[in-house]
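Just so you know, the sequence shown maps onto residues 1459 to 1687 in this note's numbering. Glycine residues also receive a C-beta, built at the ideal position from the N, C-alpha and C atoms. As the structure is a computational prediction, the values presented were derived from the model and not from experiment. Only one structure is covered here, and it is reproduced in the block below.
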Amino acid sequence: MIFLAMLIAEKAVCQNPLINWKAGETVTVNDIANFGLSNCFVAQPITNDILKRIEGKSYKKGCPVSLSDLRYLKLLHFDAEGNIKTGEMICHKNISSDLIEIFTTLFKAEYPIEKMILIDEYDADDDKSMADNNSSCFNFRTVAGSKKVSRHALGMAVDINPRYNPEVKGQGKNLRIRPSNGKKYSDRQLKFNYKIDRNDLCYREFIKHGFTWGGNWRSSKDYQHFEKK
């Protein structure tokens, strides 16, 4: 009986999708219990396997941040339907502890985040990632429409549920909303899933950890965006 129990336990571990972490997978409470919650919220150095995924995409030639200063995060999150999903993110090491704490708090509160995979799965195309409502952090790029290096290029900015929390610039004929399929959600008087405002737990957690919110900007609004200096 003891031997049989050991075989059953070993089989359960082998079948646990958290063993071979792949972002976007649906997992169960039992999966998490067997794997250990603390093992689901970790920051790790960039391995060769991760480098293969990001080199030439989010990690382009000329990136001012060294690989040793970046961290790969394993995270869990709920979606709006209550499913538990595996997530991943790359950030600067200086905010890795902040993000682990923030996303752990959001997970325990069952805060909805639809998707959290590396932007490299979209060939580091910010518009494609946002349109798919993917939450992300590091991507070596300039600020859209300028030559200024983005805080995302340093791994110091995070976008959360971007389709439902779009970037809004200009007025009238010069109005620009990114992603374009988030136009409806630029009306912040509406109620909808994934919305970030000043009463939102996500907002409060990022602010508590010293981040600033793009929704508080004066000349433009970037409701998805949190950054740290």
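Problem - Check whether HIS1667 and ILE1560 have beta carbons under 8 Å apart - result: The answer is yes: Cβ separation under 8 Å.
Handout entry: Host alpha helix (DSSP H) of ARG1662 (start-end)
Key = Taken as a continuous stretch (DSSP letters only), the alpha helix (DSSP H) holding ARG1662 covers 1659-1666.
Problem - Among ILE1477, ALA1501, VAL1500, LEU1648, nearest to ASN1492 - alpha-carbon criterion - result: Taking the Cα of ASN1492 as reference, the smallest distance to any Cα among ILE1477, ALA1501, VAL1500, LEU1648 is reached at ILE1477.
Handout entry: Per-residue DSSP class, three states only, for VAL1487
Key = In the structure shown, the three-state DSSP call for VAL1487 is helix.
Exercise for the section: Count the C-beta pairs between the region 1652-1667 and the region 1609-1621 that are closer than 8 Å, then say yes if the count reaches three, no if not. Expected result: Judged by Cβ distances under 8 Å, the region 1652-1667 makes contact with the region 1609-1621, as three or more pairs qualify.
Problem - Range covered by the alpha helix (DSSP H) that runs through GLU1572 - result: For GLU1572, there is no enclosing alpha helix (DSSP H), as DSSP gives it neither H nor E.
Handout entry: For PHE1493, three-class secondary structure by DSSP
Key = Looking at PHE1493 - three-state DSSP - the assignment turns out to be helix.
Practice task
Using a Cβ cut-off of 8 Å (strictly closer), state whether TRP1479 contacts chain C.
Solution key: Looking for chain C here will not work: only one protein chain is present.
Problem - ASP1556 to PRO1475 span [Cα, whole Å] - result: Looking at the two C-alpha atoms, the distance is approximately 26 Å.
Exercise for the section: Find out if the Cβ-Cβ distance for the pair ASN1592, MET1614 is shorter than 8 Å. Expected result: No. Outside cutoff.
Handout entry: beta strand (DSSP E) runs contained entirely in the region 1536-1608, provided each spans 3 or more residues
Key = For the region 1536-1608, whole beta strand (DSSP E) runs of length 3 or above, ordered along the chain, are 1542-1550.
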